[in-house]
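Asker: Take a look at this one; I'll ask things after.
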Amino acid sequence: MLSSDDKIIEEERYFEKCTCKRLASIFTSNTDDPVTDADVHEYNKGECPTKSIDCGSVLFKLHVYKCDNDRIGFGIRATRDISTGSFICEYVGEIISREQAQFRENEYSKQGWYYLHDITSPVNEKKYSIDPTRSGNVGRFFNHSCKPNCTTLELPNNAQKHKKHASPSDAPTEKERIIETMKYVPRLAFFACKDVKKGEQLTIDYSPNRFGNRLKKTVKCMCSERLCKRWLF
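If you're matching positions, the sequence shown starts at 6 in our numbering and goes up one per residue.
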């Protein structure tokens with residue numbers, strides 16, 4: 006996150022407890038045969054996804070490659086079969102305000118860069134954006150598809166929930182205020198929402214649950230799916 010003099014403030018964030026129960030409920034499609042915590046660990050090579058996110062791990066080797074279509078740029082392929090519910094990677098980047106994001110978005114769109122991802126703090130309901138354009142990880146190479154095989158999940162920093170009503174220090178510095186704000190911003194992670202075959206491109210929906218008039222119709226989609234929405238945004 007940037008300070009008023011445009012200096013980047015860095016702060017490590019950690020979960021206080023496992024989120025596997027929440028993930029199990031998300032990936033349960035049949036209540037008569039629910040997904041369990043143990044299943045979530047099994048999908049992820051016996052690892053807890055929460056621990057993997059905290060460690061910055063990428064559990065499955067990924068292949069970043071140059072797409073045939075220059076307008077698409079780079080993409081990511083799976084190097085092995087990946088099961089539904091598997092954690093792929095965290096979406097890492099600068100945490101910036103929506104005002105900063107809108108300014109950058111105008112510049113990025115001229116270059117054909119569409120990496121900004123909006124998130125909302127569950128504590129103060131303030132909107133932020135994650136910007137991995139210049140400082141990020143492999144997550145920024147996930148391309149869009151109208152029929153994606155991965156989904157984006159916001160995981161709240163549950164370690165901070167009990168501090169919701171905590172009083173701030175008498176005279177916090179700007180850096181302290183920014184660090185305190187960052188504690189409430191959710192972590193963003195990509196999970197497989199269907200079984201992925203080795204060699205298959207990993208994709209997400211850039212505009213989930215938005216169709217027709219809910220799309221701004223500013224950038225055309227090139228996913229070529231049969232039920233393509235025709236627009237990215």
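Here a beta-carbon is modelled for each residue, glycine too, at the ideal position from N, C-alpha and C.
1. Ordered along the chain, which non-local residues of its own chain (more than five positions away) have a Cβ less than 7 Å from that of Ser140?
2. In three-state DSSP terms, what is Lys50?
3. Ordered along the chain, which non-local residues of its own chain (more than five positions away) have a Cβ less than 8 Å from that of His68?
4. Can you give me the start and stop residues for the beta strand (DSSP E) that Lys132 sits inside?
5. Under 8 Å: do the region 190-198 and the region 115-126 share three or more Cβ pairs, one atom per stretch?
6. Does DSSP classify Gly204 as helix, strand or coil?
7. Got a sec, what are the start and stop residues for the beta strand (DSSP E) Leu2 sits in?
8. Taking all protein chains shown into account, do 16 or more other C-beta atoms lie within 10 angstroms of the C-beta of Cys60, making it buried, or fewer, making it exposed?
9. From this set, Thr33, Asp38, Cys94 and Ser30, which residue's C-alpha is nearest Thr55's C-alpha?
10. How would you label Leu232, buried or exposed, when you count the other beta carbons within 10 angstroms and need 16 or more for buried?
11. Helix, strand or coil, according to DSSP, for Ile87 in the structure here?
Answerer: With the structure as the only source:
1. Gly98 and Glu99
2. coil
3. Ile81, Arg82, Ala83 and Thr84
4. Lys132 to Asp136
5. yes
6. coil
7. The chain is shown from 6 up to 238; residue 2 falls before or after that span and cannot be answered.
8. exposed
9. Cys94
10. exposed
11. strand
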